[in-house]
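K.L.:
Just passing along the structure, written as structure tokens.
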Ligand SMILES: [Fe+2]
Ligand SMILES: [Fe+2]
């Protein structure tokens, strides 16, 4: 709330081409305790208000050199919020409503009555100063909201960084147990991201699969080295244990609230499932297999075919392409989601480029 003191210290401009009238108004206002009063002739008003932003302009409408309405028109270019801090002084009743229409806040009728002048000036300043307080309050509030938003964004970025570090640490732990270097999981991130983009997935999905897909084999942490590192030919029992790594991966990543770990868990459990139901661990098929796992599966197979394994040499891009499209003794096109396979066929060069760029 503004105090009486604030009102008496408000900046007031009196505009009149009659020196006698200027003195009269100044005397009335000073007599009532107002202290910041300036007088101006009509030609100086615009420049003076631009510089000083008066809280109140007492404007006589009947002046010889310049029309009071013309002055209000020019003031509106500065005060864009509509209501001008102007009280007009006029002898003509018909001018009062016209002046209010043109943006004046109030009027004083001539011949003047001192009590009326003081009451209208006081009321107008009270409203004007409250308006200023409200504007300032809004600015302070906006700044506070901006600061809080920035703080929250920084905190979210911190948390995200923490999550991603955890993910990479766990992925590295799984790699140590396997024959792969970090290059395989890195390439998987890039293949999956590009495939998700071409498939028209939204930004959140694309970002999530980039970080979630490297965790697909995290369950291998739980597989004994004597089985995991065996150069070739698992016996039936060993193969059974090996097939437990998807479920172990799901368990390790758990039922997390983080969307990275959630998708990571889904991919880990389902990355060996096949579209025709011949995969493991659950033998689910078609659209029962989560979409992220279907994307990841073709990326994993492409990269495994391109890489040397204990049971096979590394194949070049062309041979890998032929195996995925036409099949061989281990891989068959029926294993893949037909839509994803089609996108792969039309964009296979992308896979080759990523493999070349991130070759170990
Ligand atoms: Fe696997
Ligand atoms: Fe893999």
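Numbering (the numbering used here), first residue to last: 5 to 364. C-beta atoms are modelled at their ideal positions from N, C-alpha and C, and glycine is treated no differently.
(1) Please check the pair residue 304 and residue 220, which I expect to be a contact at CB under 8 Å, by giving their CB distance rounded to whole angstroms.
(2) Going along the chain, which residues of its own chain have a beta-carbon closer than 6 Å to the beta-carbon of residue 436, five neighbours each way excluded?
(3) Would DSSP call residue 222 helix, strand or coil?
(4) Between residue 357 and ligand 1, is the CB less than 7 Å from at least one heavy atom?
(5) I'd like the list of long-range same chain contacts for residue 108, defined as Cβ closer than 8 Å, with 5 residues on each side in sequence excluded.
(6) DSSP has residue 110 in a bridge; who is on the other side?
(7) Using a Cβ-Cβ cutoff of less than 6 Å, which residues in the same chain neighbour residue 277 once the five nearest sequence positions on both sides are dropped?
(8) Following the continuous alpha helix (DSSP H) through residue 42, name the residue where it begins and the one where it ends.
(9) Hey, how far is the Cα of residue 320 from the Cα of residue 328?
(10) Tell me whether the segment 239-257 and the segment 211-228 touch, counting them as touching only if at least three CB pairs, one residue from each stretch, are closer than 8 Å.
(11) Output the residue ranges of the alpha helix (DSSP H) runs that lie fully inside the segment 278-362 and measure 4 residues or longer, sorted by chain position.
(12) With distances taken from CA atoms, which of 336, 322, 339 is nearest residue 359?
(13) Closest to residue 72 by CA distance: which of 21, 32, 35 is it?
(14) Ligand 2: which residues have Cβ under 6 Å from any of its heavy atoms, chain order?
(15) Return the residue from the list 231, 348, 170, 312 that minimises the CA-CA distance to residue 262.
(16) So which of 83, 348, 236, 285 has the shortest CA-CA distance to residue 317?
(17) DSSP has residue 19 in a bridge; who is on the other side?
P.N.:
Well, looking at it:
(1) 7 Å
(2) With the chain represented from 5 up to 364, any question about residue 436 goes unanswered, as that position is not in the structure.
(3) helix
(4) no
(5) 63, 76, 88, 90, 91, 92
(6) 91
(7) 283, 288, 293
(8) Where residue 42 is concerned, there is no enclosing alpha helix (DSSP H), although the beta strand (DSSP E) it sits in stretches over 40-44.
(9) 12 Å
(10) yes
(11) 295-310, 321-330, 342-350, 352-361
(12) 322
(13) 21
(14) 188, 220, 221, 304
(15) 170
(16) 236
(17) 44, 63
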